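First up is the structure itself, then whatever we jot down about it.
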Amino acid sequence: MQIEQNNIQHMKSVLEAALLTAGEPLSLDDLLRLFTDRMERATLRMLLDELKTDWQSRTMELVQVASGWRFQAREEYALYLARLNPERPQRYSRAAMETLAIIAYRQPVTRGDIEEIRGVAVNPNIMRQLQERNWVDVVGQRDVPGRPSLYATTRTFLDDLNLRSLAELPPMENFTRAEIQLDL
Amino acid sequence: MQIEQNNIQHMKSVLEAALLTAGEPLSLDDLLRLFTDRMERATLRMLLDELKTDWQSRTMELVQVASGWRFQAREEYALYLARLNPERPQRYSRAAMETLAIIAYRQPVTRGDIEEIRGVAVNPNIMRQLQERNWVDVVGQRDVPGRPSLYATTRTFLDDLNLRSLAELPPMENFTRAEIQLDL
Amino acid sequence: MQTQLSIDARIYGEQLDTIPRDLYIPPDALEVYLDAFEGPLDLLLYLIRKNNLNILDIPMAELTRQYMNYVEKMRAQKLELAADYLLMSAMLIEIKSRMLLPKPADIEQEEDPRAELVRRLMEYEAIKLAAQNLDAMPQVGQEILVAQAYYHEIVAVQPPSVSLEDLMAAWQSVLKRASHFAHHKVSRAELSVREHMSQILRQLKQNNMMEFSALFAIETDGLPKLVVCFLAILELAREGLVKITQQAPFSPIYLQISHAD
Numbered sequence: 008m009q010i011e012q013n014n015i016q017h018m019k020s021v022l023e024a025a026l027l028t029a030g031e032p033l034s035l036d037d038l039l040r041l042f043t044d045r046m047e048r049a050t051l052r053m054l055l056d057e058l059k060t061d062w063q064s065r066t067m068e069l070v071q072v073a074s075g076w077r078f079q080a081r082e083e084y085a086l087y088l089a090r091l092n093p094e095r096p097q098r099y100s101r102a103a104m105e106t107l108a109i110i111a112y113r114q115p116v117t118r119g120d121i122e123e124i125r126g127v128a129v130n131p132n133i134m135r136q137l138q139e140r141n142w143v144d145v146v147g148q149r150d151v152p153g154r155p156s157l158y159a160t161t162r163t164f165l166d167d168l169n170l171r172s173l174a175e176l177p178p179m180e181n182f183t184r185a186e187i188q189l190d191l
Numbered sequence: 008m009q010i011e012q013n014n015i016q017h018m019k020s021v022l023e024a025a026l027l028t029a030g031e032p033l034s035l036d037d038l039l040r041l042f043t044d045r046m047e048r049a050t051l052r053m054l055l056d057e058l059k060t061d062w063q064s065r066t067m068e069l070v071q072v073a074s075g076w077r078f079q080a081r082e083e084y085a086l087y088l089a090r091l092n093p094e095r096p097q098r099y100s101r102a103a104m105e106t107l108a109i110i111a112y113r114q115p116v117t118r119g120d121i122e123e124i125r126g127v128a129v130n131p132n133i134m135r136q137l138q139e140r141n142w143v144d145v146v147g148q149r150d151v152p153g154r155p156s157l158y159a160t161t162r163t164f165l166d167d168l169n170l171r172s173l174a175e176l177p178p179m180e181n182f183t184r185a186e187i188q189l190d191l
Numbered sequence: 203m204q205t206q207l208s209i210d211a212r213i214y215g216e217q218l219d220t221i222p223r224d225l226y227i228p229p230d231a232l233e234v235y236l237d238a239f240e241g242p243l244d245l246l247l248y249l250i251r252k253n254n255l256n257i258l259d260i261p262m263a264e265l266t267r268q269y270m271n272y273v274e275k276m277r278a279q280k281l282e283l284a285a286d287y288l289l290m291s292a293m294l295i296e297i298k299s300r301m302l303l304p305k306p307a308d309i310e311q312e313e314d315p316r317a318e319l320v321r322r323l324m325e326y327e328a329i330k331l332a333a334q335n336l337d338a339m340p341q342v343g344q345e346i347l348v349a350q351a352y353y354h355e356i357v358a359v360q361p362p363s364v365s366l367e368d369l370m371a372a373w374q375s376v377l378k379r380a381s382h383f384a385h386h387k388v389s390r391a392e393l394s395v396r397e398h399m400s401q402i403l404r405q406l407k408q409n410n411m412m413e414f415s416a417l418f419a420i421e422t423d424g425l426p427k428l429v430v431c432f433l434a435i436l437e438l439a440r441e442g443l444v445k446i447t448q449q450a451p452f453s454p455i456y457l458q459i460s461h462a463d
């Protein structure tokens, strides 16, 4: 019994060491590779849950995002940590964010679809920017003349926004509609 | 007093969050920037020492390197973490493969034999590589001036290639007799 | 709800941070405002919001007048940027004129000419809000910092894998090359003989001197293997790798590795 307990503690430590050093989410498959002995996925999940609880009131939190698990600093430290890198990468332009929103909420879409919704031509730099960040990629071609590329968001996009799936995106609001309701 | 204690704990947490997420060592100057209130370097050092003690028997250790402070996984976890990034298997060079083939088919052979057959000098690294893998070893010396070592393949070599004996190696006659005049 | 526009612009050294209340735009500032809008739909939404127009019952004449007024000023200033805006002008004028046509009595349920425009405006506004929401979310590298402590990287050494085909190919290329050296002899001894040569050498290395009969496992090895073993000893002797000695006839035969002395 004592041995079993030690063993669990040791496995948790191995997981902690891996997740604190990874710098990116680790999938269950990644984590299983840490142990040469066969481990059930259920056991691994249990260990991760325990580890999450162990860190409950500490500086990091263990979170699950689209491509796996990672430790990240609790939000309350963000303000301090921002002081270390005053020159952070700038946030995207409105045009880029609108393009991204269309791809995220209406995927898969072509450039034509994006232009139709925004009413202006798509700046190729924006598409390049989003693809270089690995937030957006081409998932196929629409079967129409010219076979335009279909764009979709990636797992990295979900990871970087702290999401496990697209379903966790904030729901689309329609201010206009809401407002109109009041008039009736 | 209570407040002071809380304050110290909080500053340590900020340091911990910064050091765990930095990805590179942070200098004392970096760390001082975390706090808008003036902080003495002596205070900072004291906090770092305390933080180091807090982590004493945990997965990471806080160490000071040339460019500053960093958390690093304790040595005992290195072996586990290595499993996350298995190197892609390398390939033997053509020279190494030919050397191995000569030793397998013509054993026991000296380096001189190998050089004569290949027409070029044997790179000592290749012999070391094959011996370190325990695929080749020295089985004797030839009774000529210089007493050169005689090399042969080992049991491990057969095991690793899933052979019971050398006789199970593909016979060279199958594909060479026609094209090569063997000088018997 | 007033549309939020973020502008970083200076005119005559003065920071501009709001859109002017009316539609009069100083000519020098036009470019700035042009940049502030993401296109004709954005501009139309701004006009609708600013004038508190009901999007489901847009007064086309008024909206078109205000829009054209704006676009005319843009045209005077920066023609090439106005293409998307001009297309919208044409659409607005078309809708307006369709609304002016008397409705034929026999067609009752004709769709409102504004429907498509309204649909597009609503879709665009929804996306615009979604973009703002996305932008407000914490992002990795901004508000989210992922743990990435240092670790001593051990590369798990994985030796190259070698298949029989690899080995065969290497041997084949050796033989091909060897055939170019006319003086070289590649003899074709049986592989199992060569293997036994190695094995016998290994044994002799360990034991220094062995009795001839000790090299044969007469009980366990079959005849073919015994023959191979014998051939290996002969070949070892021929190549001068072992020395075979016998003190007197019928006395034990001994093998030892050849020594120079």
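Protein chains in written order, with this note's numbering: chain A, 8 to 191; chain B, 8 to 191; chain C, 203 to 463.
We put the CB at the ideal spot given by N, CA and C, even for glycine.
Nothing here was measured: the structure is a model prediction, and the numbers come from that model.
Test item: CB-CB of residue i and residue j under 9 Å
i: Y84/B; j: A29/A; result: no
i: A102/A; j: N130/A; result: yes
i: P155/A; j: G119/A; result: yes
i: L425/C; j: V395/C; result: no
i: P454/C; j: S415/C; result: yes
i: P457/C; j: M412/C; result: The identity of residue 457/C in the sequence shown is Leu, whereas the question assumes Pro. It is a contact, given that the beta carbons lie within the stated cut-off.
i: L443/C; j: G147/B; result: yes
i: P115/B; j: L173/B; result: no
i: L27/A; j: M53/B; result: no
i: A111/B; j: F164/B; result: yes
i: L417/C; j: Q408/C; result: no
i: L107/B; j: V145/B; result: no
i: W464/C; j: E139/B; result: Absent from the structure is residue 464/C, since the part of chain C shown begins at 203 and ends at 463.
i: P32/B; j: R81/B; result: no
i: Q279/C; j: R98/A; result: no
i: L258/C; j: L246/C; result: no
i: S100/A; j: I133/A; result: yes
Simplified DSSP state of residue i, which is helix, strand or coil
i: V364/C; result: coil
i: M324/C; result: helix
i: Q458/C; result: strand
i: L33/B; result: strand
i: T447/C; result: strand
i: I295/C; result: helix
i: L520/C; result: Outside the shown range of chain C (203 to 463) lies residue 520/C, about which nothing can therefore be said.
i: L331/C; result: helix
i: T161/B; result: coil
i: A179/A; result: For the sequence presented, residue 179/A should be read as Met rather than Ala. Coil at M179/A, not helix or strand.
i: E345/C; result: coil
i: N14/A; result: helix
i: K19/B; result: helix
i: Y352/C; result: strand
i: S156/A; result: strand
i: E313/C; result: coil
i: E413/C; result: strand
i: S172/B; result: coil
i: M193/C; result: With chain C running from 203 to 463 in the structure shown, residue 193/C is simply not present.
i: P426/C; result: helix
i: A25/A; result: helix
i: F239/C; result: coil
i: V388/C; result: Unreliable placement is indicated for V388/C, whose pLDDT of 45 sits below 50; no coordinate value is reported for it.
i: M399/C; result: helix
i: L438/C; result: helix
i: R223/C; result: Low confidence applies to R223/C: its pLDDT is 49, below 50, so where it sits in the model is not reliable enough to give any reading.
The region 33-43 of chain B in contact with the region 318-326 of chain C per 3-pair CB rule at 8 Å
no
Can you check the region 98-151 of chain B for any beta strand (DSSP E) of at least 3 residues that lies completely inside it and give the ranges in chain order?
Listed in chain order, they are 143-148.
With 7 Å as the limit, tell me which residues of the region 75-95 of chain A have their beta carbon closer than that to any beta carbon of chain C; keep them in chain order.
R77, F78, Q79, A80, E82, A85, L88 and R95
Would the region 328-347 of chain C count as touching the region 292-302 of chain C if we require 3 or more Cβ pairs under 8 Å?
no
Under 8 Å (Cβ pairs) to chain A, residues found in the region 100-134 of chain B
none
Complete runs of the alpha helix (DSSP H) confined to the region 39-92 of chain B [at least 4 residues]:
Listed in chain order, the complete alpha helix (DSSP H) runs (minimum 4 residues) inside the region 39-92 of chain B are 48-61 and 85-89.
Check whether the region 342-353 of chain C and the region 288-296 of chain C are in contact - that is, three or more C-beta pairs closer than 8 Å.
Cβ pair count under 8 Å is below three, so no.
Cβ-based contacts, 8 Å cut-off: residues of the region 345-358 of chain C near chain B:
L347, V348, A349, Q350, A351, Y352, Y353, H354, E355, I356, V357 and A358
For the pair the region 168-179 of chain A and the region 335-344 of chain C, tell me if three or more CB-CB distances fall below 8 Å.
yes
May I ask you to list, following chain order, the residues of the region 16-40 of chain B that have a beta carbon less than 9 Å from some beta carbon of chain C?
A24, A25, L26, L27, T28, A29, G30, E31 and P32
What residues from the region 167-178 of chain A come within 7 Å of chain C, judged by C-beta to C-beta, listed N to C?
Close to chain C, meaning a Cβ-Cβ distance shorter than 7 Å, are the following residues of the region 167-178 of chain A: D167, L168, N169 and P177.
Interfacial residues, the region 41-73 of chain A to chain B, with Cβ spacing under 7 Å
L41, T66 and M67
In the region 324-348 of chain C, which residues sit with their C-beta less than 8 Å from some C-beta in chain A, listed in chain order?
M324, E325, Y326, E327, A328, I329, K330, L331, A332, A333, Q334, N335, L336, D337, M339, P340, Q341, V342, G343, Q344, E345, I346, L347 and V348
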